[in-house]
Amino acid sequence: MSKLLHYTVIFLCNQLPPTQLILFRRAADRPFAPNRYTGVGGKVEEGETPLAAAVRELEEETGLTDIPLAEFGRVIVNNRHILYYFFGNDNGNPLPESNEGIVERVKVEDLFSYNIIPTTKIFLEEWKKRFWDTTRLFTVSIVRDDPDGIDAKVKKMIVEEGLV
Numbered sequence: 008m009s010k011l012l013h014y015t016v017i018f019l020c021n022q023l024p025p026t027q028l029i030l031f032r033r034a035a036d037r038p039f040a041p042n043r044y045t046g047v048g049g050k051v052e053e054g055e056t057p058l059a060a061a062v063r064e065l066e067e068e069t070g071l072t073d074i075p076l077a078e079f080g081r082v083i084v085n086n087r088h089i090l091y092y093f094f095g096n097d098n099g100n101p102l103p104e105s106n107e108g109i110v111e112r113v114k115v116e117d118l119f120s121y122n123i124i125p126t127t128k129i130f131l132e133e134w135k136k137r138f139w140d141t142t143r144l145f146t147v148s149i150v151r152d153d154p155d156g157i158d159a160k161v162k163k164m165i166v167e168e169g170l171v
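Dropping the structure here:
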């Protein structure tokens with residue numbers, strides 16, 4: 008049995024419900040999901056909480072610090088990967104440069120026209136169904152044909168209230 012892998016994904020919002028989100032377009036030379044959009048984030052390191060990882064990743068990838076983050080959802084993929092979704096307030100300052108990709112403000116009305124990583128898109132679609140409410144915590148469990156293939160067909164999806 009393979010080890011459970013934990014990742015964070017952070018969306019900075021201009022307000023709640025958001026009219027703009029900050030997305031991260033992964034650099035073309037990245038081995039995973041090059042040129043695809045997601046939130047800022049990355050792997051949770053050994054001994055680190057998801058929140059501590061989110062704070063660290065936000066600073067590493069954007070240089071942004073002192074932004075309170077709150078978890079509001081999760082995606083579990085094939086019981087092998089857990090993605091912890093956080094939100095924080097985009098203070099409207101100029102967007103930082105990143106050596107791992109491009110940080111962009113995106114209008115929520117245009118969100119689904121971007122080339123978003125499929126698990127992130129599934130999460131965003133569910134959040135939209137909830138009228139962008141961050142107080143209604145939820146977990147999406149998906150089973151894909153290939154747990155490591157980001158474009159693999161989703162065979163089963165279950166949405167549960169709360170953080171599982």
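Quick note on this note's numbering: the sequence shown kicks off at 8 and runs consecutively. Backbone N, C-alpha and C define an ideal beta-carbon position, used for all residues, glycine too. Model, not experiment: these values are computed from the prediction.
Checklist entry - Among ALA77, LEU102 and ASP97, which one has its Cα closest to the Cα of TYR91? => result That would be ALA77, whose Cα lies nearest to the Cα of TYR91.
Checklist entry - What are the start and end residues of each continuous alpha helix (DSSP H) run of 4 or more residues lying completely inside the segment 20–72, in chain order? => result The DSSP assignment places 57–69 as complete runs of the alpha helix (DSSP H) inside the segment 20–72, in order along the chain (cut-off: 4 residues).
Checklist entry - Between PRO41 and ILE165, what straight-line distance do the alpha-carbon atoms span, to the nearest angstrom? => result If I take the Cα positions, the gap works out to 28 Å.
Item to check | Nearest candidate by alpha-carbon position, reference LEU11, set LEU131, GLU167 and ILE83 | outcome: Comparing Cα-Cα distances from LEU11 to each of LEU131, GLU167 and ILE83, the minimum goes to ILE83.
Next on the checklist: Rounding to the nearest angstrom, what Cα-Cα distance links LEU118 and GLU53 in this structure?
Outcome noted: When only Cα atoms are considered, LEU118 and GLU53 end up about 33 Å apart.
Next on the checklist: Measuring straight from C-alpha to C-alpha, what distance separates PHE39 and GLU111?
Outcome noted: Their backbone Cα atoms lie some 19 Å apart in a straight line.
Item to check | Residue closest to VAL62, alpha-carbon to alpha-carbon, out of PHE93, ARG87 and ILE124 | outcome: The candidate whose alpha carbon is nearest that of VAL62 is PHE93.
Item to check | Buried versus exposed call for ALA35 [16 or more other C-beta atoms within 10 Å across all chains shown] | outcome: Under this definition ALA35 is an exposed residue.
Next on the checklist: Between GLY46 and THR146, how many whole angstroms is the CB-CB distance? I'm expecting something under 8 Å.
Outcome noted: With a Cβ gap of about 17 Å, GLY46 and THR146 do not count as contacting.
Checklist entry - Cβ of ASP152 within 8 Å of Cβ of LYS163? => result It is not a contact, given that the beta carbons lie outside the stated cut-off.
Checklist entry - Hey, would you say ARG43 sits closer than 8 Å to ILE109, going by beta carbons? => result No.
Item to check | First through last residue of the alpha helix (DSSP H) which encompasses PHE130 | outcome: Segment 125–136, the alpha helix (DSSP H) holding PHE130.
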